[in-house]
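Each residue of the sequence shown is one higher than the one before, starting from 366 at the first, in this note's numbering. Glycine is no exception: its CB is placed at the ideal position from the N, C-alpha and C atoms. This report refers to the structure that appears directly beneath it.
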Amino acid sequence: MLSTKLKNARASRGNVLFMILIAIALIAGLTYAITRTENGGDAMSRERADLAADQLAGFALNLKRAAENITRAGYSETQISFASDQLTGYGTPDSNPRAEVFNIAGGGVSYMPPPANVSDGSQWEFTGSTAAPGVGDDATPDLMVVFPHISEAVCRAYNKKAGYDPAGSIPTDSGECVYNTAKRFDGTFPSSGANTMDANTFRVPAPFACVQCGNDYNAYYVLLER
Numbered sequence: 366m367l368s369t370k371l372k373n374a375r376a377s378r379g380n381v382l383f384m385i386l387i388a389i390a391l392i393a394g395l396t397y398a399i400t401r402t403e404n405g406g407d408a409m410s411r412e413r414a415d416l417a418a419d420q421l422a423g424f425a426l427n428l429k430r431a432a433e434n435i436t437r438a439g440y441s442e443t444q445i446s447f448a449s450d451q452l453t454g455y456g457t458p459d460s461n462p463r464a465e466v467f468n469i470a471g472g473g474v475s476y477m478p479p480p481a482n483v484s485d486g487s488q489w490e491f492t493g494s495t496a497a498p499g500v501g502d503d504a505t506p507d508l509m510v511v512f513p514h515i516s517e518a519v520c521r522a523y524n525k526k527a528g529y530d531p532a533g534s535i536p537t538d539s540g541e542c543v544y545n546t547a548k549r550f551d552g553t554f555p556s557s558g559a560n561t562m563d564a565n566t567f568r569v570p571a572p573f574a575c576v577q578c579g580n581d582y583n584a585y586y587v588l589l590e591r
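Encoded structure:
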């Protein structure tokens with residue numbers, strides 16, 4: 366009888382140990398699965414940020430080509446217009462069709478609204494008051510498009526396209542953070558007092574980059590250097 370009880374006790378302890386080992390294995394497997402999911406999520410987030418950066422850069426390149434084509438057609442840089450039904454503060458569409466970037470008779474570019482989850486939804490801006498470091502005359506403002514209030518992830522992905530370390534420091538602008546809504550491009554460039562960004566934080570020349578100002582991230586792309 367005693368022998369039988371001992372055998373039963375040992376079997377019971379064996380079963381408990383077996384169940385503990387199974388539980389440990391299940392926990393380890395679950396932890397591994399969660400880790401893979403999190404890492405995969407990070408990878409997907411990076412992929413989405415890279416895709417968004419590609420969209421911004423591609424749109425900007427189309428704008429650059431349009432601005433160049435308008436000047437080649439005989440219009441001056443001060444005649445270039447960004448008038449659009451989808452933008453505020455850039456004039457009335459069809460006022461001068463051949464000089465308008467978003468007019469089929471002019472630059473022929475289709476306006477691209479901010480992609481979902483890329484920014485806070487603010488409209489794209491166009492400025493002629495900021496000088497990009499190492500582009501043209503550093504004291505003379507360039508004509509550029511600005512993608513304001515984008516996410517840090519998209520900012521870093523955008524800078525990666527410009528040769529920056531995606532995990533490194535982001536260029537800064539202690540002045541207007543690239544643009545000022547009170548200085549939207551209306552055909553005039555300031556004769557003096559251009560906003561100059563913190564050149565020592567950039568890879569020079571810097572025809573395009575994303576700039577950090579506190580917790581705000583604004584990307585730009587030079588359309589016409591001056």
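Bridge-paired residues (DSSP) for residue i
i, result
"Leu589", "Leu508"
"Val315", "Past the edges of the chain, shown from 366 to 591, lies residue 315, and the structure says nothing about it."
"Glu592", "Beyond the ends of the chain as shown, which are 366 and 591, falls residue 592; an answer cannot be given."
"Thr561", "Ala496"
"Ser446", "Glu465"
Assigned exposure category for residue i - 16 Cβ within 10 Å defines buried
i, result
"Val519", "buried"
"Gly472", "buried"
"Leu428", "buried"
"Val483", "buried"
"Ile435", "buried"
"Asn524", "buried"
"Ile515", "buried"
"Asn580", "exposed"
"Asn468", "buried"
"Glu465", "buried"
"Asp538", "buried"
"Pro536", "buried"
"Pro478", "exposed"
"Ala547", "exposed"
"Ala574", "buried"
Secondary structure of residue i, DSSP reduced to three states
i, result
"Ser410", "helix"
"Thr400", "Low confidence applies to Thr400: its pLDDT is 43, below 50, so where it sits in the model is not reliable, and the reading given next is rough at best. Helix at Thr400."
"Arg568", "coil"
"Ala418", "helix"
"Ala438", "coil"
Same chain only: Cβ atoms within 6 Å of residue i, ignoring 5 sequence neighbours per side
i, result
"Leu589", "Ala432, Glu442, Leu508"
"Val543", "Thr495, Val511, Val576, Asn583, Tyr585"
"Ala414", "Ala518, Val519, Ala522"
"Ala564", "Pro498"
"Arg568", "Gly528"
"Asp485", "His514"
Neighbourhood of residue i by C-beta distance below 7 Å, restricted to the same chain and skipping five residues each side
i, result
"Pro480", "Ala417, Gln420"
"Pro555", "Ser494, Pro506"
"Lys526", "Ala418, Ala422"
"Asp503", "Ala496, Thr561"
"Leu426", "none"
"Ser410", "Ala518"
Own chain, CB closer than 8 Å to residue i, minus 5 neighbours either side, in chain order
i, result
"Tyr455", "Ser446, Phe447, Ala448, Ser449, Phe491, Arg549, Phe550, Asp551"
"Asn545", "Thr492, Ser494, Asn560"
"Gly533", "none"
"Val500", "Asp507, Pro570, Ala571, Pro572, Val587, Glu590"
"Arg463", "Ile435, Ala438, Tyr440, Ala470, Gly471"
Any C-beta of chain B under 9 Å from that of residue i
i, result
"Phe573", "The displayed structure is made up of one protein chain only, and chain B is not part of it."
query = Unbroken alpha helix (DSSP H) runs of length 4 or more, entirely within the region 495–553: which are they?
reply = Annotation: the region 495–553 contains the following complete segments of the alpha helix (DSSP H) (minimum length 4 residues), in chain order: 517–526.
task = Return the chain-ordered ranges of every beta strand (DSSP E) run that is complete within the region 450–493 and spans a minimum of 3 residues.
result = You should have found no qualifying run.
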